[in-house]
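2 protein chains.
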Amino acid sequence: MPFEVTILGSSSATPTSDRYPTAQVINARGRYFLTDCGEGTQIQIRRQKIGFGKIRHILISHLHGDHYYGLIGMISSFNLLGIHNDIHIYSHSQLKELIQPQLDFLKKELQFKIIFHPLNFKTPEKIFFDDKVEVYSFPLKHSIPCCGFLFRERERESNMIKEYIELYKIPVADIKKIKKGADFVTDDGMIIPNSQLTTPPLPPRSYAFCSDTAYYPEIVNTIKNVDLLYHESTFTEELKEWAVNTLHSTALDAAKIAQAANAGKLILGHFSARYKETEIFLQEARKVFPETEAAVDGQTFKISH
Amino acid sequence: MPFEVTILGSSSATPTSDRYPTAQVINARGRYFLTDCGEGTQIQIRRQKIGFGKIRHILISHLHGDHYYGLIGMISSFNLLGIHNDIHIYSHSQLKELIQPQLDFLKKELQFKIIFHPLNFKTPEKIFFDDKVEVYSFPLKHSIPCCGFLFRERERESNMIKEYIELYKIPVADIKKIKKGADFVTDDGMIIPNSQLTTPPLPPRSYAFCSDTAYYPEIVNTIKNVDLLYHESTFTEELKEWAVNTLHSTALDAAKIAQAANAGKLILGHFSARYKETEIFLQEARKVFPETEAAVDGQTFKISH
C-alpha cells in the first residue's frame, strides 16, 4: 500500500503562473489527507485525477489566505458532486468564523456534515488515528498560530512464515497471536519461539509537513527520523533578513532542520514568487543536506520501505 | 485603443482540469474591468500578464461561488503587491457580508479602500462612466438575483480634416467646437459647414456579458446591436430540461438571443463539466447564429471598428 505525498502547490503568498499556493494530498495506505488548501486546490486535485470522494480529512496549518482560500470551493464542489461523507477539518478554531457566512449561503443544499477540530498550538498532539495511520499536529513559529503535521504508519504485525502453519498445524486463532509476538506451543508441549515463526514487520513510514515557520529547532524532537520531510523555504540565504522579519525560513534553515532530525529526504517549497527557478534553493540546501528536492506542482513523492 | 475581452474561465459551477470558473477581463480603451471572479482568477490574470494594478473595478454578476470565490485572493494579492488604488466592487449588497470576516482578518494590513456598489436587480442602470466608456448592469433570470453587464464606448468627437486648419487658419478654440459639431465662420463671414471640415467619428464599440441566466428575451432591448455578446450556454438542447430546471441556457437559447439582439458576434461559455468538447455547442448555436465562437480560457476577443 502506498505512502505518498502529491504537491498541489509550491508557491508562497502570491501564486505565480506555474506555482499554486500551498496544498498537498497525503495518501497514507489508502487514507487521504488534504493538507492546506490554497486557492485553486480543487483544480489541482482534478488535474491529478484524485477522487474528491476520497478526501475526508482536511488539515489547515494556519489562517493566512494562501493556505485556506481554496477551502470554500472544495466544500462547494463536494456538495455539487453529490458527496455525502462527513468532512473533518483540523484548523485554528477561527477558521469556522471566517467561512461561516459563505457556508450559511450554501447551507440549504449541504448534503454532509462539516466537523471542525480545533488545533492545539502549544504542544504536539495526536489529532487522528485509525488502524493504519496516526497524525500529529505540532506548533511551528510564525506570525500567527501555525501547526505542522506528522503522518506516521501504525506499527505493523510480524509476518507469519507460511510453511510453519502447515508444519505445526497452527490454528487461525494462534496465527493472530503469533503475528502480535506470541510463541507457539505444539500439542506435545514443544515451544516454538516467535522469532523462528515470523519475520519482522516492515518499519512504519512517516512524513512531516512543516508549513510556514521561522527556523525553529524545537520541532526536531517531534519529527526525529522522519522518512520524508517537507519544510518551507520561502527565501535563500541572500534574503535571510527577510526570512527572519517575516518568520519564514531559508533553504539552509530547512536543510539544518532535516539534518538535525535525521530525515530520510527533504522537500523544499513555499517559494517566494520573486524566484523564477528553484535551482538556487537546491544548491544552498544540498551543501548541508544532500538528499534535498524542490517541490514541483503535480509531483508525487513516494515513501518506500 | 483596444476594446477587448479576455476569457479567464469558461467552466460552470465545478471547474475542470482545463477550464476555470467564470472570470473575464474587459479592456475598454485602457480601462480594465474584471467581470466575475471565480476561484483561480488571480492565477489566470498572471498567466495573461495583465498587471494587477490596472484593475480597479470588479463586477460580480451574482453570489454563486463559481463567480466570486476568487475575490478574496485577488484582494489579498493587491495588498501583498503593494497596490494602493481604491478598488470598486459592483455586486449584490450581500457580498460584503460574505467576505467581511476574511477582510477583517486582513484589515490590519490593507493599504487601499474597497468601495462596494450595490447592484440593482430590477431594471437596467448605469453603474460607471468616464470620458471613454460607460457600463450598465441589467437583470438576468437565475435562481438568485443576477445581473449582466453592458460595456459601451462613449460617442467620440468628429475628426477634424487637418488641411482645413491651415487653409482657414482655424484657432485651437474653434477646432474643439468643430469636433463637437460646430460650423466655422471665417474672418470675412463665410460659413464653412461642419460636414466639410470633419469626417464622422468611429462608431462606439460595445460588449455585453450575460452571466448565468435562463432563456430571457427581455434582455434583448438592452443589448440591441451589441458588437460582441457573451451569453452562457451551460447545456445543449439534449439537456434542455436541466437548463430549464436550473435556470441556465442552452447553446440554442444563446444563439436566439444573439440573433434577436442583432449582435455582431456571440461567445458561448459557462460550459457544464460533463462536456469534454465544445464543438457540440458551436454546431447547435451556428444553425441559428453563424457568427458564434466558444470561449477558451486565455483567449482574447478583440472588437474592431
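Chains as they are written, first to last, in my numbering: chain F, 694 to 998; chain V, 694 to 998.
Heads up, the beta-carbon is just placed ideally off N, CA and C, and yes, glycines get one too.
Anticipated Cβ contact below 8 Å, residue i with residue j, distance rounded
i                      : j                      : result
residue 850 of chain F : residue 893 of chain F : So it is not a contact: roughly 10 Å between Cβ atoms.
residue 960 of chain V : residue 994 of chain V : 6 Å
residue 945 of chain V : residue 707 of chain F : Contact flag wrong, Cβ pair sits at about 42 Å.
residue 765 of chain V : residue 762 of chain F : 6 Å
residue 743 of chain V : residue 718 of chain V : 6 Å
residue 794 of chain V : residue 794 of chain F : 7 Å
residue 722 of chain F : residue 825 of chain F : 5 Å
CB of residue i within 8 Å of CB of residue j, strictly
i                      : j                      : result
residue 709 of chain F : residue 966 of chain F : yes
residue 760 of chain V : residue 715 of chain V : yes
residue 954 of chain V : residue 989 of chain V : no
residue 922 of chain F : residue 903 of chain F : yes
residue 899 of chain V : residue 844 of chain V : yes
residue 782 of chain V : residue 810 of chain V : yes
residue 943 of chain V : residue 934 of chain V : no
residue 752 of chain V : residue 772 of chain V : no
residue 696 of chain V : residue 846 of chain V : yes
residue 991 of chain V : residue 749 of chain V : no
residue 805 of chain F : residue 770 of chain F : no
residue 815 of chain F : residue 827 of chain F : no
residue 936 of chain F : residue 985 of chain F : no
residue 938 of chain V : residue 891 of chain V : no
residue 756 of chain F : residue 785 of chain F : yes
residue 817 of chain F : residue 915 of chain F : yes
residue 877 of chain F : residue 854 of chain F : no
residue 962 of chain F : residue 754 of chain F : no
residue 861 of chain V : residue 884 of chain V : no
residue 830 of chain V : residue 842 of chain V : yes
Extent of the continuous alpha helix (DSSP H) run through residue i
i                      : result
residue 827 of chain V : Segment 826-832 is the beta strand (DSSP E) holding residue 827 of chain V; no alpha helix (DSSP H) there.
residue 710 of chain V : Where residue 710 of chain V is concerned, there is no enclosing alpha helix (DSSP H), given that its DSSP letter is neither H nor E.
residue 688 of chain V : Past the boundaries of the shown model lies residue 688 of chain V; chain V is included only from 694 to 998, so the question cannot be answered.
residue 950 of chain V : 944-953
residue 973 of chain F : 972-979
residue 956 of chain F : Counting along the chain, residue 956 of chain F falls outside any alpha helix (DSSP H), and DSSP gives it neither H nor E.
residue 933 of chain F : 933-939
Terminal residues of the beta strand (DSSP E) in which residue i lies
i                      : result
residue 749 of chain F : 748-752
residue 922 of chain F : 921-925
residue 987 of chain F : 985-987
residue 697 of chain V : 696-702
residue 993 of chain F : 993-995
residue 965 of chain V : Careful: residue 965 of chain V lies outside any beta strand (DSSP E) and carries neither H nor E.
residue 783 of chain F : 780-784
Proximal residues of chain B, C-beta to C-beta of residue i below 7 Å
i                      : result
residue 964 of chain V : In the displayed structure, chain B is absent; the protein chains listed are F and V.
Between the CA atoms of residue j and residue i - distance to the nearest angstrom
i                      : j                      : result
residue 731 of chain V : residue 996 of chain F : 36 Å
residue 791 of chain V : residue 738 of chain V : 23 Å
residue 940 of chain F : residue 836 of chain F : 6 Å
residue 910 of chain F : residue 803 of chain V : 33 Å
residue 974 of chain F : residue 964 of chain F : 9 Å
residue 950 of chain V : residue 917 of chain V : 10 Å
residue 879 of chain V : residue 869 of chain V : 16 Å
residue 840 of chain F : residue 720 of chain F : 20 Å
residue 987 of chain V : residue 896 of chain V : 26 Å
residue 724 of chain V : residue 747 of chain V : 8 Å
residue 957 of chain F : residue 924 of chain F : 13 Å
residue 711 of chain F : residue 969 of chain F : 10 Å
residue 866 of chain V : residue 882 of chain V : 18 Å
residue 701 of chain F : residue 767 of chain F : 14 Å
residue 788 of chain F : residue 729 of chain V : 25 Å
residue 813 of chain F : residue 833 of chain F : 11 Å
residue 976 of chain V : residue 952 of chain V : 15 Å
query: Can you list, in chain order, the stretches of the beta strand (DSSP E) that have 3 or more residues and sit fully within the region 872-913 of chain V?
result: 899-903
- request: Give, in chain order, every unbroken run of the alpha helix (DSSP H) that is at least 4 residues long and sits entirely within the region 805-866 of chain V.
  value: 855-860
- prompt: Which parts of the region 715-743 of chain F are runs of the alpha helix (DSSP H), unbroken and 4 residues or longer, counting only runs that do not cross its ends?
  reply: 734-740
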